[in-house]
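If you're matching them up, the sequences are chains A and B in order. Note that the working numbering has the first sequence beginning at 1, numbered continuously upward. Note that the working numbering has the second sequence beginning at 278, numbered continuously upward. Every residue, glycine too, gets a C-beta built ideally from N, C-alpha and C. Predicted model, so just to flag it, every value in this text is computed and none were measured.
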Amino acid sequence: MAVAEAEVIAAPPVFAATDYHVATSKDGVALDVKDFNLWYGASQALHGVSMPIQKGVVTALIGPSGCGKSTLLRCMNRMNDLIDNLRIQGTMTLDGRDIYAPNIDVIGLRKRMGMVFQKPNPFPMSIAENVVYPLKVDGVTDKALLAETVERSLRGAALWNEVKDRLKESALGLSGGQQQRLCIARAIAGDPEVLLMDEPCSALDPIATAKIEELIDQLRGQYTIVIVTHNMQQASRVSVNTAFMYLGRLIEYGETKRIFTNPVAKRTQDYITGRFG
Amino acid sequence: MTTNVSVNAPVVVPAAHIRVRSFRSDLSAHGEPFNWALGGALAFGIVLIVGFLLLVFWNGISTFYPKPIEVIRTVDGTSVAGSVRRDEVFRLPTAQLADLPPAQQARIRADDGYVKRRLVQIGNYDLYNEDFRWVSEYQIESVSTPPGLYFIERVEWGPFVGRIKQVSLDGRVVAGEALTPQVLDRAHGEARDRWWRLRDLERGDIGTINHHLDEERLALRRLELRFGQGDPRIAEAARPIQERIGKLQAEYKVVADQVTAVRQADIRNTITLTDVNGREKELPLSGVTRFVAANDLGLFGKLGVYFGRWWEFLADEPREANTEGGVMPAIFGTFVMTLLMVIIVAPFGVITALYLREYAKQGRIVSIVRISVNNLAGVPSIVYGVFGLGFFAYLLGGGIDGLFYPERLPNPTFGTGGILWASLTLALLTVPVVIVATEEALAAVPRSMREGSLACGASKWQTIRNIVLPRAMPGIMTGLILAMARGAGEVAPLMLVGVVKLAPELPIDGFFPFIHLERSFMHLGFHIYDVGFQSRNSEAGKPMVFVTTMLLIGLIFVMNIGAIMIRSRLKRRFAGSQF
Ligand SMILES: Nc1ncnc2c1ncn2[C@@H]1O[C@H](COP(=O)(O)OP(=O)(O)OP(=O)(O)O)[C@@H](O)[C@H]1O
Ligand SMILES: [Mg+2]
Numbered sequence: 001m002a003v004a005e006a007e008v009i010a011a012p013p014v015f016a017a018t019d020y021h022v023a024t025s026k027d028g029v030a031l032d033v034k035d036f037n038l039w040y041g042a043s044q045a046l047h048g049v050s051m052p053i054q055k056g057v058v059t060a061l062i063g064p065s066g067c068g069k070s071t072l073l074r075c076m077n078r079m080n081d082l083i084d085n086l087r088i089q090g091t092m093t094l095d096g097r098d099i100y101a102p103n104i105d106v107i108g109l110r111k112r113m114g115m116v117f118q119k120p121n122p123f124p125m126s127i128a129e130n131v132v133y134p135l136k137v138d139g140v141t142d143k144a145l146l147a148e149t150v151e152r153s154l155r156g157a158a159l160w161n162e163v164k165d166r167l168k169e170s171a172l173g174l175s176g177g178q179q180q181r182l183c184i185a186r187a188i189a190g191d192p193e194v195l196l197m198d199e200p201c202s203a204l205d206p207i208a209t210a211k212i213e214e215l216i217d218q219l220r221g222q223y224t225i226v227i228v229t230h231n232m233q234q235a236s237r238v239s240v241n242t243a244f245m246y247l248g249r250l251i252e253y254g255e256t257k258r259i260f261t262n263p264v265a266k267r268t269q270d271y272i273t274g275r276f277g
Numbered sequence: 278m279t280t281n282v283s284v285n286a287p288v289v290v291p292a293a294h295i296r297v298r299s300f301r302s303d304l305s306a307h308g309e310p311f312n313w314a315l316g317g318a319l320a321f322g323i324v325l326i327v328g329f330l331l332l333v334f335w336n337g338i339s340t341f342y343p344k345p346i347e348v349i350r351t352v353d354g355t356s357v358a359g360s361v362r363r364d365e366v367f368r369l370p371t372a373q374l375a376d377l378p379p380a381q382q383a384r385i386r387a388d389d390g391y392v393k394r395r396l397v398q399i400g401n402y403d404l405y406n407e408d409f410r411w412v413s414e415y416q417i418e419s420v421s422t423p424p425g426l427y428f429i430e431r432v433e434w435g436p437f438v439g440r441i442k443q444v445s446l447d448g449r450v451v452a453g454e455a456l457t458p459q460v461l462d463r464a465h466g467e468a469r470d471r472w473w474r475l476r477d478l479e480r481g482d483i484g485t486i487n488h489h490l491d492e493e494r495l496a497l498r499r500l501e502l503r504f505g506q507g508d509p510r511i512a513e514a515a516r517p518i519q520e521r522i523g524k525l526q527a528e529y530k531v532v533a534d535q536v537t538a539v540r541q542a543d544i545r546n547t548i549t550l551t552d553v554n555g556r557e558k559e560l561p562l563s564g565v566t567r568f569v570a571a572n573d574l575g576l577f578g579k580l581g582v583y584f585g586r587w588w589e590f591l592a593d594e595p596r597e598a599n600t601e602g603g604v605m606p607a608i609f610g611t612f613v614m615t616l617l618m619v620i621i622v623a624p625f626g627v628i629t630a631l632y633l634r635e636y637a638k639q640g641r642i643v644s645i646v647r648i649s650v651n652n653l654a655g656v657p658s659i660v661y662g663v664f665g666l667g668f669f670a671y672l673l674g675g676g677i678d679g680l681f682y683p684e685r686l687p688n689p690t691f692g693t694g695g696i697l698w699a700s701l702t703l704a705l706l707t708v709p710v711v712i713v714a715t716e717e718a719l720a721a722v723p724r725s726m727r728e729g730s731l732a733c734g735a736s737k738w739q740t741i742r743n744i745v746l747p748r749a750m751p752g753i754m755t756g757l758i759l760a761m762a763r764g765a766g767e768v769a770p771l772m773l774v775g776v777v778k779l780a781p782e783l784p785i786d787g788f789f790p791f792i793h794l795e796r797s798f799m800h801l802g803f804h805i806y807d808v809g810f811q812s813r814n815s816e817a818g819k820p821m822v823f824v825t826t827m828l829l830i831g832l833i834f835v836m837n838i839g840a841i842m843i844r845s846r847l848k849r850r851f852a853g854s855q856f
C-alpha cells in the first residue's frame, strides 16, 4: 500500500488520463491545463498538472492546505503575473487560445473570468460602486443598467436584503462575511464566462453558505465554475467534477460522485474520509 | 514508542521537562519603565515647544496693548517721557562711576558696582535722533504718570510722546486745553479721510493711468522692434498709440489737479505738539495715525486701541522700514506662495512617486534614484535658492523674457526673482518629502485590493486611479502637509529668488491678467528677519518680530488645519473596520 502511494506522488498521475471521461470532445473543454509547472523562486509549487476543465459545469478543487489550489486558480486569470520571481512551464488554454501567449490581451482575458479571492478584498468605495466596478472599467455610464446590475448581483450573492438601504455607504464598514458576499456580487456583475472561486464560503455562516451554493446552482450551465473548497460536503453538493491535489500535484480528477464514493488513489480516499489533511 | 496513549490516561512527562509556570508578572512584563521613558521624552518635548509658543504668544499678544507714559525727572533737571520697555541690571563703568557724587558712589559700590536701568521708548525721533533711551536709577529724581500725555503714532518719524499744544483747523486755532475729544476726533477723522483719498488718487487713479501709459510705451517699443528703428512705417502705426497717450496724459492732468486740491486742504489743518521738555513740532493732522491718551484711557479705551492696532497690523501696509504699520502684503505673499508651491509640488511629487513605485522596474537604478531623492532632503536650502536664481530666474526667466517680453528689455520681467520662481524653488526643496510620503502610502495599499481590481478586468492605470490613489490619498496628504509646513517656514532660499523688503504691488491685483507670477513679493519669514535684524533700530522692531512670528505660526497652523481636515474626510471615506 505504501509503495502504491509513493508511485502516485512521484510519477505523473497515470490514472488521470484514463479517468478523463469529462473531456472527450474538444469543444466540451473550457479551460485546458496541460503539463503545467510553476516555481516561486526556487521552490516548485505546481508539478505537471494536466486538467481539462469542462465547459458549463462546476469543478471543485480540493486538497490539504498549501497544496497549490490557489496557485493553480490564480494562474488561470494570470493573477500571478504580479508576483516577482515566478516561473511557469506548460500550457493553459481558454477555448483553445493560449492564456500565456505573448500577444494575449490579459485585460480582455480577465474580463471573461470573474474571481472571488480567498480573503475578501472590497475596494475603498461605496457598496454600489464596488459591485459595478467591472462595468465602470468598461466605461458603462447608463444609470439604469448600473442600478439593475447592483440589485441583480447583490441578490445573487444573498446580500441585497442586508445592504439595500446603505448602498451609498463605504463597503469597508461591512462585516467580513458581508464583504465576501460583496466580492462574489462583484465577480458576477461583469457577466464572466468563467468564475474562479477561492474558498468563497470560508468566512460565511451556514445560511449565507446555502445561498451561495444556491447561486452556484443557478449559474451552472451558463458559467464555467472552478471552486476551491475545504468543505467536502460542499464539493459533493455543488460540483460535477472534482480534482484532488496534493503537494503541488494533481492526484486524482474525475466525476465528483465517483471520487467521493470510489476513489482510485489511496491519498484521495484518506483525504475525503478525513484521515489526514 | 508505540505505546498507545489514550486521551484519558494520565500523561507521564519526564521530570526534566517540567517547568514551574510563574503566575506573577514582573515590571519588565508590564513595560512600565518603558512607559515612563516614553512619557518623559514626550513631556520634555512638550515643555520645550509649549515654552517656545508661550514666549512668542505672550510677547506677541501683549505688544499692542497701550502702556502708560511715565515722566521721569532726572537729577540734571531734564525730563524723559515714554513707556518703559524693560528693566535690567548692569555694571557701571568705573570712569562713569568716578564722575558721580560721593554719596551715590558709595551706594553703588555697596551694590558691587551694579546699577539698575530701564529702557524708555521716548519716541520723538525727529527731535532727539533716538527712539529709546536708557535711564539709570541713580539719575532718576522722580517718576510720575501725569494725565494729558499722548502717545501719538505718526506716518513719519515714528511715535511722538507729548502733549497737544494746539490744532489749526482751516485757520481756526484751538488750544490744546480747549480741545474736546469730539472736536479732535472729528478733525482727525476728516484729515485721515483726506489722507486716504490722496493715497487712493496716487495709487489707484494715477497708478492705473501709469499702467496704461506703460503699456502704450511698450506698444511703441514693440513697433520699433518689429519694423526696425527709424522705419517710416512706425510713425503711421504709432498714430493711434500717440493719440491714446495724449488722452491718458490729459486724464493725468485732471487727477493731478485733484491731488493738488486735496493737498492744499490738507496743509491747512495742522497740529502742534510739545514734548515734556517744551520742544515743539508742527505737522499736518493727517500725518497722525492714532492718538493714544495713554494715561487717561480706561479699560475699554485701551482695548479699543489694542484692537485698532491689531486691525492696522493685519490689514495695512508697512511703514517706517517695516517697523510700523501692518504686514498685509507679507501675509498675502506667504499665503499665495505656499499655495502655489503646494499646487506645483503635489502633482510633481505624486507622479514621480507613482512611477518609482508602480511602473519602474524595481532594481538597482530605482534604488539609487530613491536614495538620491532622500538625500536631496538634506541639501541646505540656500543651495536651492542659488539654483533657483541661476536656473529658474536667470536661465528660464531670461529665456521667457527674450521670447515674450523683448520690448521691456533690458528691464527683466521673468528674468529676476519672482513669486513663481520662489514657489518653484520651494517645490523643489519639498518634493523629496512628498515623494517619500507618497511612496510609503502607495506601498501600504494592500496587494489584495490591486488584485481585486485587476481581476475585474481593470487595466493597471485604472487600478491605480480608482483603487490605489484614493486609498493612498491620506498618506499623500500627510506628505503635502509636511511639505507645506516646511515650505511656509523657509526663508533663506527666498531671499535669492524673489522676496523683498517692501513690495509695492501684490502678486494678484485688478490689472489683466490679474495674477502676476513674475512679481516679487513680501514674506512673513523674511519680514521677521528684516524687522529684527536689518532695521534702523532693533528695539522698535523687537515686538514686531514676536507679533510677526506669532502670525506666521498662526498662518501655518491654519493652513495645516485645513489640510488635516481634508485628510480626515478622505480617511473617513476610504478606511473602515476591516472585519
Ligand atoms: N507568493 C508566493 N511566494 C512564494 N511561495 C508561495 C507564494 N504563494 C504561495 N506559495 C507557496 O506555494 C504553495 C501553494 O500555495 P497555495 O496558496 O496555492 O496553497 P492552497 O492550496 O491555496 O492552500 P490553502 O488551502 O491554505 O489556501 C505553498 O507552499 C505556499 O507556501
Ligand atoms: Mg488557497
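Query                                                                                                                               : Result
Test item: CB-CB of B/Y427 and B/L576 under 9 angstroms                                                                             : no
Assigned secondary structure, B/A314 (DSSP; H/G/I helix, E/B strand, else coil)                                                     : helix
Assumed close pair B/L773, B/G665 - CB separation to whole angstroms, cut-off 8 angstroms                                           : 7 angstroms
Proximal chain A residues relative to B/E716, where beta-carbon distance stays under 8 angstroms                                    : Near B/E716 there are no residues of chain A at all, since even the closest Cβ is about 18 angstroms away, more than 8 angstroms.
Other residues of its chain near A/E151: CB distance less than 7 angstroms, five sequence neighbours each side excluded             : W160
DSSP-derived helix/strand/coil call for B/S658                                                                                      : helix
For ligand 2, residues whose Cβ lies under 7 angstroms from any non-hydrogen atom                                                   : A/K69, A/S70, A/Q118, A/D198, A/E199, A/V228
Spatial neighbours of B/E589 in its chain, beta-carbon cut-off 6 angstroms, leaving aside the 5 residues before and after           : G603
Contact the segment 651-667 of chain B vs the segment 756-774 of chain B: 3+ CB pairs below 8 angstroms                             : yes
Start and end residues, beta strand (DSSP E) containing B/W587                                                                      : Segment 576-592 is the alpha helix (DSSP H) holding B/W587; no beta strand (DSSP E) there.
C-beta neighbour in chain A for B/A732, strict 9 angstroms                                                                          : yes
DSSP state of B/G692 mapped onto helix, strand, coil                                                                                : coil
Closer than 8 angstroms: A/I83 CB and nearest ligand 1 heavy atom                                                                   : yes
CB contact below 9 angstroms: A/N77 versus chain B                                                                                  : yes
Contacts that B/M726 makes with chain A (C-beta to C-beta distance below 9 angstroms)                                               : N121, P122, F123, P124
Classification of A/G223 by the beta-carbon crowding that lies within 10 angstroms, buried from 16 upward                           : With the sequence shown as reference, residue 223 of chain A is identified as Tyr, and Gly is not the correct amino acid for it. A/Y223 should be labelled buried.
Collapsed DSSP secondary structure at B/V531 in the structure displayed                                                             : helix
B/L580 versus B/L591 - alpha carbon distance                                                                                        : 16 angstroms
B/G839 versus B/S700 - alpha carbon distance                                                                                        : 20 angstroms
A/L219 and A/L195 closer than 9 angstroms at C-beta                                                                                 : yes
Nearest neighbour of B/V348, chosen from B/N814, B/N312, B/R440 [CA to CA]                                                          : B/R440
Contact set for A/M92: own chain, Cβ-Cβ below 8 angstroms, skip 5 residues either direction                                         : L31, D32, V33, K34, F36, C75, M76, D98, I99, Y100
Contacting residues, own chain, Cβ-Cβ under 8 angstroms from B/V333 (five flanking each side not counted)                           : F823, T826, M827, I830
Where the alpha helix (DSSP H) containing B/P379 begins and where it ends                                                           : 379-387
Residues, ordered as in the chain, of the segment 87-109 of chain A that lie near chain B by beta-carbon distance below 8 angstroms : I107, G108
Run of the beta strand (DSSP E) containing B/W473, from where it starts to where it stops                                           : Counting along the chain, B/W473 falls outside any beta strand (DSSP E), though it belongs to the alpha helix (DSSP H) covering 458-476.
Chain B contact residues for A/V137, given Cβ-Cβ distances below 7 angstroms                                                        : C733, G734, A735, Q739
Cβ of A/Y133 within 9 angstroms of any chain B Cβ                                                                                   : yes
Beta-carbon proximity check, A/T273 vs A/E255, cutoff 9 angstroms                                                                   : no
Distance, B/R596 Cα to B/M605 Cα                                                                                                    : 12 angstroms
Exposure of B/H294, with buried meaning 16 or more beta-carbon neighbours within 10 Å                                               : exposed
Boundaries of the alpha helix (DSSP H) in which A/P206 is found, first to last residue                                              : 206-219
Heavy atom of ligand 1 within 8 angstroms of B/S725 beta-carbon                                                                     : no
Candidates B/E601, B/V582, B/F691, B/T422, of which the one nearest B/W434 by Cα                                                    : B/E601
Cβ-heavy atom distance, A/A45 to ligand 1, below 8 angstroms                                                                        : yes
C-alpha gap between A/G48 and B/R724, whole angstroms                                                                               : 28 angstroms
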